[in-house]
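Colleague: In the working numbering, the protein residues as written are 4 to 99.
Glycine is no exception: its CB is placed at the ideal position from the N, C-alpha and C atoms.
Fair warning: this is a prediction, and the values are worked out from it, not measured in the lab.
Mind having a look at this structure? Questions to follow.
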């Protein structure tokens, strides 16, 4: 399932429309770039990444873009995601 299929219902969008889908996909792409720039790669999103993308999209709909840059909630998601990725990498290394 594509990320947009997880995000749309969480944004209250339960229909398909090319323009709305493009708008949501743009927000998802923006979220992915934001998190990647913060050091958290969500190209294969887990549950935490999906929640972070949903929150980013909800905030992008109602928040001044300048306030998204260093928003404390988004930064907390980044910290959690980076810590989880590091723990997974260390676990994989220990298993090897």
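Which runs of the beta strand (DSSP E) at least 3 residues long sit entirely within the region 6-91? Give them in chain order.
Modeller: Those beta strand (DSSP E) runs which fall completely within the region 6-91 and span 3+ residues do not exist here.
Colleague: Can you give me the Cβ contacts of residue 27 inside the same chain, cut-off strictly under 8 angstroms, excluding the 5 residues immediately before and after it?
Modeller: Contacts found: 7, 10, 11, 14, 16 and 60.
Colleague: Does DSSP put residue 99 in a helix, in a strand, or in coil?
Modeller: Three-state DSSP puts residue 99 in coil, outside helix and strand.
Colleague: Quick one: residues in its chain with C-beta nearer than 6 angstroms to the C-beta of residue 18, no 5 flanking neighbours on either side, listed in chain order?
Modeller: Taken in chain order, the list of residues that qualify is empty.
Colleague: Would you kindly work out how many angstroms separate the C-alpha atoms of residue 39 and residue 99, rounded to a whole number?
Modeller: In a straight line, the C-alpha of residue 39 is about 27 angstroms away from that of residue 99.
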